Structure formats: C-alpha cells, structure tokens
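In terms of the UniProt record's numbering, the sequence shown opens at residue 1 and continues consecutively.
Using N, Cα and C, we set each Cβ at its ideal position, and we do this for glycine too.
Owing to the predicted nature of the structure, the values given are computational and were not obtained by experimental measurement.
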Amino acid sequence: MRYLSPDEVKGNDEVRECVSAHISQSIKHNFPLQILPKYQPDKNAKILDAGTASGAFLQQLNEAGYRNLYGLDLENYMSVKVPLKDFKTADFNTDILPFADNSFDVITAWCVIAHLENPYHFLRETHRILKSGGLLIVTLPHVGSDSERSFFRKNGEFIAYKPNNNHITIWTSSLVKKTTSKYFDFVKEEFLLKNKIFKGFRGKLRKLYSRLNPSIARRWGSKIAYILKNKKEPS
C-alpha cells in the first residue's frame, strides 16, 4: 500500500479493507508467539497489543492461554473474534494513549514503528502506561540483513522501504539503544528467519549453522524484534 498520512488513513475504506485482511509475515510465521512467552510466561499478565490490525496476534495469544488482553489501533480493524478486556483507538503519532499510568505488564507493537511519523512520542507514551519493569516488544524490517544490504548496494534503497509501500521509519540497533535508553533498558534482539531460507541443501546448512551460531540469524533474519524493559523513572 502506498504511503498515506494519519489523516488520510482515518476513515479510508481502502485502508480498512487492506488492514482487516492483513496478517503480517511475523505473525504468519508465529514469530511473536515464539518471543513473548520467553519473556513473559505469566498467562495472567496484562498485555496491550498496539496496532492490532486484523487481531491475528491477539487471537494467537488467546489460543495460547493468555486472557488479560487489550487492543489499541487508529481504528478498529479487527476481523477476528477475540475476547478482549478493552479496545481503544488513538493516533500513535500525536495522541495521549487512552490508558492510565502503570497499566500494563507488556506492550507489543508488531510491524508498527516503521509506519509512524513520530515514533518517539509513541515510545514516551508506552513508557508512561507500562508498569515499572514491564516489557515493550517492537519489530521492524531488518535493514542489516544480507539481502537488504545487497539490494541497497545495487539499487540505493532497501527492499522494505521501496517508494510504493508505507514504511517510513528506519531504526537500527544503535538508534534504538540511543533513543530508548532514557526510558528503557535494552534486553535483547530477536530475528525472524523465514522457512524458505532452509530449503534445499544450502538451506539445511543454514539451519545447522544458525543452531550452532545464533549470530547467523542476524545475517538472514527478515525482521528484527527489540525487547525493552521499562525503567521506573527516566534517567
């Protein structure tokens, strides 16, 4: 989908149809469900999914036994039925998020940051509504992967940020650490490896190497997840 400003997105039938039907690559490959339980195994944890889109991730969480679930998006695009405690709407670029301070144990934002004009406002707001020690988990396209770097050398742009899509914010690991350190402690990075890279003989070698050396995932991962721990007070 082409780039649209937040005002153009609101009430846009084309956007509603697209987002309601869309399930991100990360969710299709169960990437979020592989990550979240490692860092928050408590099924009673209060979890906010910011940027719910179709609701596919919340559906996965519910099926995995998590019950204290909340949703937040620019509009309600959910096309699946999930028993939520509450759903609210907000513009992540400018609005004060409609939750009280210290509300959540975990906030997830799968493939959201890349779409935001003002991701730093969103960061400050997630810090406010997260509990002390709560987790913020965000994913972005991994522009440091071999495929992205190779494409950039040949074409002068990244695959995930072509002119015909709506990705507008790039975060590298150093930028994440630099811009979040006032509010969050950096916990870890995780990488999404698509199943297709493990096909064939070379794929089998990659799978073996990735198990022997986890840093290999940094080269081949298509998405990167940042796990951040909320500080009690900004530093």
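message = Along the chain, where does the beta strand (DSSP E) containing Y70 start, and where does it finish?
response = It spans L69 to D73 - the beta strand (DSSP E) in which Y70 sits, taken as one unbroken run.
task = List the DSSP bridge partners of D95.
result = For D95, no pairing in a beta bridge is given by DSSP.
query = Roughly how many whole angstroms lie between the Cα atoms of I107 and E8?
reply = Each residue's CA atom was taken as its position, placing I107 and E8 some 26 Å apart.
query = Rounded to a whole number of angstroms, what is the C-alpha to C-alpha distance between K131 and R153?
reply = Those two C-alpha atoms are separated by around 42 Å.
query = What distance in whole Å lies between the Cβ atoms of K38 and G133, which are believed to be in contact at a cut-off of 8 Å?
reply = Between K38 and G133 the Cβ distance is about 16 Å, and since that is not below 8 Å, they are no contact.
request  = Could you check what DSSP says for F191 in three-state terms: helix, strand or coil?
outcome  = In the three-state DSSP reduction, F191 falls in the strand class (E or B).
query = According to the Cβ coordinates, are H115 and T169 closer than 9 Å?
reply = Against a cut-off of 9 Å, the Cβ pair of T169 and H115 comes out as a contact.
ask   = How would you write the range of the alpha helix (DSSP H) that L175 sits in, first residue to last?
value = L175 -> alpha helix (DSSP H) spans S173 to T180.
inquiry  = With a threshold of 8 Å, are at least 3 pairs of Cβ atoms found where one atom belongs to the region 219-234 and the other to the region 180-193?
reply    = With a cut-off of 8 Å, the region 180-193 and the region 219-234 count as touching, because enough Cβ pairs lie within range.
request  = Have a look at L123 and S150 and give me their C-alpha separation to the nearest angstrom.
outcome  = Each residue's alpha carbon lies about 31 Å from the other.
task = Helix, strand or coil for F152, going by three-state DSSP, please let me know.
result = Correct three-state label for F152: helix.
message = Suppose only complete runs of 4+ residues qualify. What are the alpha helix (DSSP H) ranges in the region 31-85, listed by chain order?
response = Counting only runs of 4 or more, we get 31-39 and 56-63.
message = Distance check for L36 and V187, CA to CA, integer angstroms please.
response = Taking the straight line joining both Cα atoms gives about 13 Å.
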